[in-house]
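*Asks:* So that we are looking at the same thing, I have put the structure below in structure tokens.
Residue numbers (the working numbering): 149 to 789.
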């Protein structure tokens, strides 16, 4: 088989060699015969030899074909080699072509698979978007449907609470109001979770004070603590910047959730917010801890805490309630702000939730109005709670005061004569053996309010009688705010006769606008018409009422309204269309009124839709009297920039 292959491989060489040999043999014979014929010689050996020997050129001419034959053989060999190379190249080309065809088939198959996958992904994406859209629409609709009656519950109970009621009635109203607020909190949590899940929750960057933020958090939750023996405290590290840039709203939401969660699971003891900061290579970070002395959490249950719609166990859900969304939302919000959240806990001892967030440092300072009023002053503090004592001491030392602390009332009793070295004293209301009022009575036997000013530290519900409070120059409510503490201690030194409460809130009073404000309420729900009208009456204002957008436009053509509270969802013409119509025909109106959306559609998308339609502001239901008061102040009393 090998010989046959070789023969085939050198076929041209063999052929060309034979052709050369034949040519080399035949040419001399023919040439000789031709010469014999020309010379007229007979064909014989002697004649042939005679012709060949007669001219030497005959030998050269006769032998030349043999050389030409050799060259022909060489040419044949060269052609065989070339053919062999060509066959090898053709084989390589065939193999490569075959491989390319196979790859093309694979690529074609892969492209078809990718097209099918892309098609499936597009379909899945469309289905997911449709599902998300349907979920958002469902949540928006449910929010509207729930907030509409809830507006009446909270609004009317709030108005009822300000009327003359006996103790039992007041308790009933407070229960209704608190339940409404709890339901509103659940709705807000569900909406926030939906916005986070859909990626539609955007962070804002504003300048804020961490100290004020924590104080606002404690203000929001302190009412919940009234019926429990809990100390609400906080401590801010000296290194924490007075002001930072970040999303204060979402940070406050996280802290409020964590503190309320701590209150829920703590019957007595203390809940403390710790804040500190650190400058890292990535920027400025705030670190927070919310520590409680509550029931604690078993280690094997900790991993469930930050899961959506999850509680530690079923018995916890039954006893304490809740949707299980609060901590899941906290985790998502902290992660959105570039941080992490964790928890350490021990059953029966308490829990500590820790988290950090990215912020930017600001150069703005808090500062006291007149730091010299406190610097160098001597102050004593009496409080049986170690944590509270430490925090108060730190807060006073930050103002440059010299601080001495007492933990037991008898220590102050036994050293009343030595108290003359102090410029002011702070007494806690609740302590073992003797309370703050009893200690103050002993001090007042020797020192007047100008000799030694005293500050009572207590909760809102146990400030004592008017006669008892007269022994103090000032009384502060827990939790103590650092900035309020400093400012109020300043006030004591400026006017030692001052008896004002530091935490007295601005009361709801009728507006004095200098003119009668013309208001139109556009609302199709009869109960909500009544709620909003009564709220405006409480503020000393009256309103006309329209049942839908068509009526609103017609009434605005006839009467020059200053303010329109516009509902979104109404029959015939909704609030958005009515607003667009008023803007379109504003040249036919004496003036375009300030239009405020007042709607149960409380999602961010609803706010944007209202503002894009031309409304000036947004007031979500359920509407609180304070919120209505603030928004009227914003547009008709406070200077607009």
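Where a beta carbon is used, it is the ideal one built from N, C-alpha and C, also for glycine.
Quick one: what's got a C-beta closer than 7 Å to residue 138's C-beta in the same chain, skipping five residues either side?
*Replies:* Missing from the structure shown is residue 138; the chain here goes from 149 to 789 and no further.
*Asks:* Quick one: is residue 487 buried, meaning 16 or more other Cβ sit within 10 Å of its Cβ, or exposed?
*Replies:* Position 339 of the chain shown, counted from the start, is the residue given in the question as residue 487. Per the 10 Å Cβ criterion, buried.
*Asks:* Would you mind sorting residue 748 into buried or exposed? The rule is 16 or more other CB atoms within 10 Å of its CB.
*Replies:* Your numbering for residue 748 matches position 600 in the chain shown. By the neighbour-count rule (16 or more Cβ atoms within 10 Å), residue 748 is buried.
*Asks:* State yes or no: is the C-beta of residue 534 within less than 8 Å of the C-beta of residue 576?
*Replies:* As a first step, residue 534 is located in the chain shown; it is residue number 386 there, counting from the start. As a first step, residue 576 is located in the chain shown; it is residue number 428 there, counting from the start. Their beta carbons are not under 8 Å apart, which means residue 534 does not touch residue 576 by this criterion.
*Asks:* How many Å lie between residue 468 and residue 412 at the Cα?
*Replies:* Reading the chain shown from its first residue, position 320 is the one you call residue 468. Reading the chain shown from its first residue, position 264 is the one you call residue 412. Caution applies to residue 468, whose pLDDT of 45 falls short of 50 and renders its modelled position unreliable; the model cannot decide the point.
*Asks:* Roughly how many angstroms separate the alpha carbons of residue 508 and residue 427, rounded to a whole number?
*Replies:* For the purposes of this step, residue 508 is taken as the residue at position 360 of the chain shown. For the purposes of this step, residue 427 is taken as the residue at position 279 of the chain shown. C-alpha separation (whole angstroms): 10 Å.
*Asks:* Identify whether residue 783 lies in helix, strand or coil by the three-state DSSP scheme.
*Replies:* The sequence position of residue 783 within the chain shown is 635, counting from 1. Three-state DSSP puts residue 783 in a helix.
*Asks:* Measure the alpha-carbon distance for residue 664 versus residue 689 and round it to whole angstroms.
*Replies:* By 1-based counting over the chain shown, the position of residue 664 is 516. By 1-based counting over the chain shown, the position of residue 689 is 541. So the two alpha carbons sit approximately 8 Å from each other.
*Asks:* In whole angstroms, give me the CA-to-CA distance for residue 729 and residue 701.
*Replies:* The residue labelled residue 729 in the question sits at position 581 within the chain shown. The residue labelled residue 701 in the question sits at position 553 within the chain shown. Approximately 7 Å between the Cα atoms of the pair.
*Asks:* Put residue 361 into one of helix, strand or coil per three-state DSSP.
*Replies:* Here residue 361 corresponds to residue number 213 of the chain shown, with the count starting at 1. Of the three classes helix, strand and coil, the one that applies to residue 361 here is helix, per DSSP.
*Asks:* Could you name the residues of the same chain whose beta carbon sits closer than 8 Å to that of residue 496, not counting the 5 residues immediately before and after it, in chain order?
*Replies:* Counting from 1 along the chain shown, the entry for residue 496 is found at position 348. Correct list, in chain order: 443, 444.
*Asks:* What does the Cβ neighbour count give for residue 792, buried or exposed, with the cut at 16 atoms within 10 Å?
*Replies:* This structure leaves residue 792 out entirely; the chain is present only between 149 and 789.
*Asks:* Please report the straight-line C-alpha distance between residue 568 and residue 599, rounded to a whole angstrom.
*Replies:* On the chain shown, residue 568 is found 420 positions in, with the first residue counted as 1. On the chain shown, residue 599 is found 451 positions in, with the first residue counted as 1. Cα-Cα distance, rounded: 8 Å.
*Asks:* If distances are taken between C-alpha atoms only, which option among 339, 344, 298 comes closest to residue 826?
*Replies:* This structure leaves residue 826 out entirely; the chain is present only between 149 and 789.
*Asks:* Take residue 680 and list the residues in its own chain whose beta-carbon comes closer than 6 Å to its own, dropping the five residues that flank it on each side.
*Replies:* Taking the first residue of the chain shown as 1, we reach residue 680 at position 532. Correct list, in chain order: 669.
*Asks:* By how many angstroms is the C-alpha of residue 350 removed from the C-alpha of residue 273?
*Replies:* Taking the first residue of the chain shown as position 1, residue 273 is located at position 125. Taking the first residue of the chain shown as position 1, residue 350 is located at position 202. Looking at the two C-alpha atoms, the distance is approximately 22 Å.
*Asks:* Count the other CB atoms, across all protein chains shown, that sit within 10 Å of the CB of residue 596; report buried if there are 16 or more and exposed otherwise.
*Replies:* Within the chain shown, numbered from 1, the residue matching residue 596 stands at position 448. Residue 596 comes out exposed.
*Asks:* Can you give me the start and stop residues for the beta strand (DSSP E) that residue 396 sits inside?
*Replies:* In the chain shown, the residue the question calls residue 396 occupies position 248. From DSSP, residue 396 is part of no beta strand (DSSP E) but of the alpha helix (DSSP H) over 396 to 412.
*Asks:* Find the nearest neighbour of residue 602 within the set 581, 548, 526, 559, judged by alpha-carbon distance.
*Replies:* Start at 1 with the first residue of the chain shown, and residue 602 comes out as number 454. Of the listed residues, the one whose Cα sits closest to residue 602 is 526.
*Asks:* So, at 6 Å on beta carbons, what are the nonlocal neighbours of residue 547 in its own chain, with the 5 sequence-adjacent residues on each side left out?
*Replies:* Indexing the chain shown from 1 puts residue 547 at position 399. For residue 547, where only same-chain residues beyond five positions count, the Cβ hits under 6 Å are 522, 634.
*Asks:* In the DSSP output, which residue or residues are listed as bridge partners for residue 504?
*Replies:* Position 356 of the chain shown, counted from the start, is the residue given in the question as residue 504. According to DSSP, which records beta bridges pairwise, residue 504 is partnered with 435.
*Asks:* Leaving aside the five residues before and after residue 629 along the sequence, list all residues of the same chain whose C-beta is less than 6 Å from its C-beta, in chain order.
*Replies:* Sequence index remark: in the chain shown, residue 629 carries index 481 (1-based). So the list reads 363, once near-sequence residues are dropped.
*Asks:* Between 388, 769, 731, which lies nearest to residue 759 when the distance is taken from Cα to Cα?
*Replies:* Working through the chain shown from its first residue, we reach residue 759 at position 611. Among 388, 769, 731, the Cα nearest to that of residue 759 belongs to 731.
*Asks:* Buried or exposed: where does residue 619 fall if 16 or more other Cβ atoms within 10 Å of its Cβ makes it buried?
*Replies:* Taking the chain shown and counting its residues from 1, one reaches residue 619 at position 471. Label assigned to residue 619: buried.
*Asks:* Could you check the C-alpha separation between residue 176 and residue 170 for me, to the nearest Å?
*Replies:* As a position in the chain shown, residue 176 is number 28, starting the count at 1. As a position in the chain shown, residue 170 is number 22, starting the count at 1. In a straight line, the C-alpha of residue 176 is about 10 Å away from that of residue 170.
*Asks:* Less than 8 Å between the C-beta atoms of residue 431 and residue 505, yes or no?
*Replies:* In the chain shown, counting from the first residue as 1, residue 431 sits at position 283. In the chain shown, counting from the first residue as 1, residue 505 sits at position 357. In this structure, residue 505 does not lie closer than 8 Å to residue 431 by Cβ.
*Asks:* Check for me: the alpha helix (DSSP H) holding residue 680 runs from which residue to which?
*Replies:* Reading the chain shown from its first residue, position 532 is the one you call residue 680. It spans 674 to 686 - the alpha helix (DSSP H) in which residue 680 sits, taken as one unbroken run.
*Asks:* Of the residues 717, 698, 639, which one's Cα is nearest the Cα of residue 673?
*Replies:* What you label residue 673 is simply residue 525 of the chain shown in a count that begins at 1. With distances taken between Cα atoms, residue 673 lies closest to 717.
*Asks:* Please classify residue 414 as buried or exposed, where buried requires at least 16 neighbouring CB atoms within 10 angstroms.
*Replies:* As a working mapping, residue 414 is identified with position 266 in the chain shown. Buried, by the Cβ-count rule.
*Asks:* Just to confirm the assignment, what range does the beta strand (DSSP E) spanning residue 384 have?
*Replies:* Within the chain shown, residue 384 is the residue found at index 236, counting from 1. Residues 377 to 384.
*Asks:* Go through its chain and collect everything with a Cβ distance to residue 558's Cβ below 6 Å, but skip five positions before and after it.
*Replies:* Translated into positions along the chain shown, residue 558 becomes position 410. There are no such residues.
*Asks:* Out of curiosity, what's the CA-to-CA distance linking residue 780 and residue 741?
*Replies:* Residue 780 sits at position 632 when you count from the first residue of the chain shown. Residue 741 sits at position 593 when you count from the first residue of the chain shown. C-alpha separation (whole angstroms): 13 Å.
*Asks:* Apply the 10 Å Cβ neighbour rule to residue 354 and answer buried if 16 or more other Cβ atoms are within range, or exposed otherwise.
*Replies:* For this step, residue 354 is matched to residue 206 along the chain shown. By the 10 Å Cβ count, residue 354 comes out exposed.
*Asks:* For the segment 494 to 572, which segments carrying the alpha helix (DSSP H) assignment without a break, of at least 4 residues, lie completely within its bounds, in sequence order?
*Replies:* Those alpha helix (DSSP H) runs which fall completely within the segment 494 to 572 and span 4+ residues are 534 to 546, 557 to 561.
*Asks:* For residue 499 versus residue 581, is the C-beta distance shorter than 8 Å?
*Replies:* Here residue 499 corresponds to residue number 351 of the chain shown, with the count starting at 1. Here residue 581 corresponds to residue number 433 of the chain shown, with the count starting at 1. Going by C-beta atoms, residue 499 is not nearer than 8 Å to residue 581.
*Asks:* Identify which residue in 262, 684, 402, 360 has its Cα closest to the Cα of residue 390.
*Replies:* Numbered from its first residue, the chain shown carries residue 390 at position 242. The candidate whose alpha carbon is nearest that of residue 390 is 360.
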